[in-house]
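Remarks on the structure that follows.
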Amino acid sequence: MNWQVEYRKWLENSDLDEKLRKELDQEAGNEKVLEDSFYRDMEFGTAGMRGVLGPGTNRMNIYTIRKASEGLARFVAENGEEAKKRGVVIAYDPRYMSREFAFESAAVLGKHGVKSYVFEALRPTPELSFAVRYLNCFSGIVITASHNPPEYNGYKVYGEDGGQMPPESANAVTEYIDAIQDIFSVQIEDLETLKTQGLLEVISEEVDRPYLQKLKEVIVNKSLVQEKGKDIKIVFTPLHGTGGILGVPALQSVGFTNIIKVEEQFINDPDFSTVKSPNPENREAFELAISYGEKENADILVGTDPDADRLGVAVRTNSGEFDVLSGNQIGALILNYLLKQKKKQGELPSNAAVLKSIVTSDLGRDIAEFYGAEMIEVLTGFKFIAEQIKGFEATGSHQFEFGYEESNGYMVKAFTRDKDAIQAVLAISEVMLDAKERGLTLFDELEELYKQFGYYKEDLVSLTLSGKDGSEQIKALMSRFREQLPTSMGSEKISRTEDYLRSETTYASGETAAIALPRADVLKFYLEDGSWFCLRPSGTEPKIKFYFSIKGKTAEESLAKLTRVRDALLEQVER
């Protein structure tokens, strides 16, 4: 694509949105920004699309939204009149242009006779997943950029099972999108006309109520929570997003009534002005919550990201200070509690299955196997967890018990088919209550797991490489490691390498074996003791991520090994 040609098309379009025209004028002469804005079309993948707001074919704006929605509309229409009647449900978060993008999408779909249900106000992403199933829609859209900085927004598409659209369907939508030569040719229908025709329905409590009712099923020991739930103090922050809308009512409905809201962060703010990044994985995002926790002598601090699909947790350490748990640690605590309680109650089936991503700690595998559940690994992305559950239901081969990713995504019950921070808030609060009843903190509970299964230390290092040059650097880096597989890292020998792009495992002996998972640009290196590190370009951000999962007999041993391996890898990356 010749970016100058595309740039001129936008400049010469007399009907161009005035706000976008002003932004274009402001960037006049800034060739680096203009090239990045126009050098390619916004990429639509299995995770939909996500990018910086602004004018251009490689930016999030009403035209790229219309183009994506046109592709989806053609895909729905291809599946017949029944699919069009079942329609598409649309939700959105508090970001700039989210509401506008939601209704732009409906305007495009309606032009094709595809019905849309649009939430009247902000709603969590997991409720969108639930709504697809509850309303029997053919598809769903959520406008969000999750925990990205304020200048981003995104567009995620869901299939009829409530999971993010699987690769085959996403590829079909992509083909329709790519067939649109003129981005300005997409037609829209007037919203009031669509309402009159019954092709646009604005929804709210009719989905909230059943979703809140289903959330009660997350609680395992209902009598304990109903009787004692008020005894734990929970500090809750939605980080300016959608989590508080249903998170607080959900907690209260099961018995957790002692909730302290971080008031400043219950304000829907597209600038996320009280935090550097609205990411509950980071300690910095918990600074206000920690000050509340210390003042109120809280037991646990919980935080959800702007679209409420990820959960962060902070707990007291032995020193009495609050520390933010990692996604792996939260997952291990919830998993251990669920399986232990179900085993105790005689409700853990013989075909119980737990699902985790390939970059999630193997502590979860140890826990699952201890209780007799099978751990099944999938590629990164909750759509792959949703696909497995769909398969379980079709074959009856397994009973789903829990699914999670190291990036703070959890699902306890399959009434949603995406990570659900509202479910996770309920689950971790119950784990906290159970621990307190036994005179323990969650930090104590975690230490018990380490004593039983080994000291796991995980880390994640992200390298941001923005723009066209950054994308090429990431590709070159992956290619370099792929063509020259390291045999050791930080004095630790590598026993095997898994290349998910080539679907092949290579052992130190030179032998190879096939990998029975879809292809993905991921390299995972196993050390002789089962520890591992992994290289994975992000599918939604201009980053390459380096994951580490190291196991040792003591915390000190694990940390020392992690430091050696991480430093050695990053040194190779910088060469």
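Read left to right, the sequence shown gives residues 140 to 714 (the numbering used here).
All C-beta atoms in this analysis are idealised placements derived from N, C-alpha and C, irrespective of residue type, glycine included.
request  = Report the option in Gly382, Asp410, Asp660 and Gly298 whose CA atom is closest to the CA atom of Lys614.
outcome  = Asp660
message = Considering only the alpha carbon of each residue, which of Thr203, Leu159, Arg160 and Glu544 lies closest to Arg179?
response = Nearest C-alpha to Arg179: Thr203.
Separation of Glu174 from Ile322, as counted between CA atoms = 17 Å
query = Is it true that the stretch 480-495 meets the stretch 534-545, where meeting means three or more beta-carbon pairs spaced less than 8 Å apart?
reply = yes
inquiry  = Whole angstroms are fine: how far does the CA of Phe523 sit from the CA of Ser630?
reply    = 35 Å
Anticipated Cβ contact below 8 Å, Ile561 with Ala437, distance rounded = Incorrect: roughly 19 Å between the Cβ atoms, too far for contact.
query = CB of Lys158 to nearest heavy atom of the ligand COA: below 8 Å?
reply = Of ligands this structure carries none, so the ligand COA is not represented either.
message = For Met236 and Ile316, what's the separation of their Cα atoms in angstroms?
response = 21 Å
task = Compare the Cα-Cα distances from Arg641 to each of Ser627, Asp410, Lys663 and Lys632 and report the closest residue.
result = Closest in alpha carbon position to Arg641, among Ser627, Asp410, Lys663 and Lys632, is Lys663.
key: Buried or exposed by the 16-neighbour rule on C-beta atoms within 10 Å, applied to Leu150   = exposed
query = Residue ranges of each beta strand (DSSP E) run of no fewer than 3 residues wholly in the stretch 168-204, ordered along the chain?
reply = Segments of the beta strand (DSSP E) lying fully in the stretch 168-204: 188-191.
task = Flag this pair as touching only if the stretch 687-700 and the stretch 580-597 have three or more C-beta atom pairs under 8 Å; answer yes or no.
result = yes
C-beta atoms of Ile371 and Gly249 nearer than 9 Å = no
Cβ neighbours of Thr693 in the same chain (closer than 7 Å, five flanking residues each side left out) = Tyr594
message = Quick check on the DSSP output: what are the complete alpha helix (DSSP H) runs of length 4 or more inside the stretch 566-622, in order along the chain?
response = 581-592 and 606-622
task = Under 8 Å by Cβ, that's how I've got Phe240 and Tyr294 pegged, so tell me the actual separation to the nearest angstrom.
result = 7 Å
query = Between which two residues does the alpha helix (DSSP H) containing Pro419 stretch?
reply = Note, Pro419: premise wrong, no alpha helix (DSSP H); not H, not E.
message = So, with DSSP's three-state summary, where would you put Tyr315?
response = helix
query = Ser268 to Thr376, Cα distance in whole Å?
reply = 22 Å
Cβ neighbours of Glu182 in the same chain (closer than 7 Å, five flanking residues each side left out) = These residues qualify, in order along the chain: Met188.
query = Taking one C-beta from the stretch 387-407 and one from the stretch 351-370 each time, how about it: are there three or more such pairs within less than 8 Å?
reply = Contact holds: three or more Cβ-Cβ distances are below 8 Å.
Span of the beta strand (DSSP E) around Thr636 = Glu631 to Asp638
query = Can you tell me the Cα-Cα spacing of Glu713 and Asp706, whole angstroms?
reply = 11 Å
task = Give the straight-line distance between the Cα atoms of Ala453 and Met571, rounded to the nearest whole angstrom.
result = 11 Å
message = On the DSSP bridge list, what partners appear for Trp671?
response = Trp671 has Tyr665 and Ser688 as its beta-bridge partners, per DSSP.
ask   = For Asn467, which of helix, strand or coil comes out of DSSP?
value = helix
ask   = Below 8 Å, can you find three or more Cβ-Cβ pairs linking the stretch 253-273 to the stretch 159-177?
value = no
message = Counting only beta-carbon separations shorter than 9 Å, does Tyr146 have a partner in chain D?
response = No chain D appears in this structure, which consists of one protein chain only.
Helix, strand or coil at Arg455 according to DSSP, with G and I counted as helix = In this structure, Arg455 counts as strand in the three-state DSSP scheme.
ask   = According to the neighbour-count rule (16 or more other Cβ atoms, all chains shown, within 10 Å of its Cβ), is Ala653 buried or exposed?
value = exposed
query = Identify the residues that DSSP records as bridge partners of Arg449: which are they?
reply = Arg449 is bridged by DSSP to Gly548.
Candidates Glu435, Ser412 and Pro388: closest to Ile399 by CA position = Glu435
query = Can you give the Cα-Cα distance for Glu576 and Lys552, rounded to whole angstroms?
reply = Spanning the two alpha carbons is a distance of roughly 25 Å.
ask   = Which residue from Tyr510, Asn421 and Thr636 puts its Cα closest to that of Gln623?
value = Thr636
Three-state secondary structure assigned by DSSP to Pro488 = coil
key: Beta-carbon proximity check, Gly542 vs Lys483, cutoff 9 Å   = no
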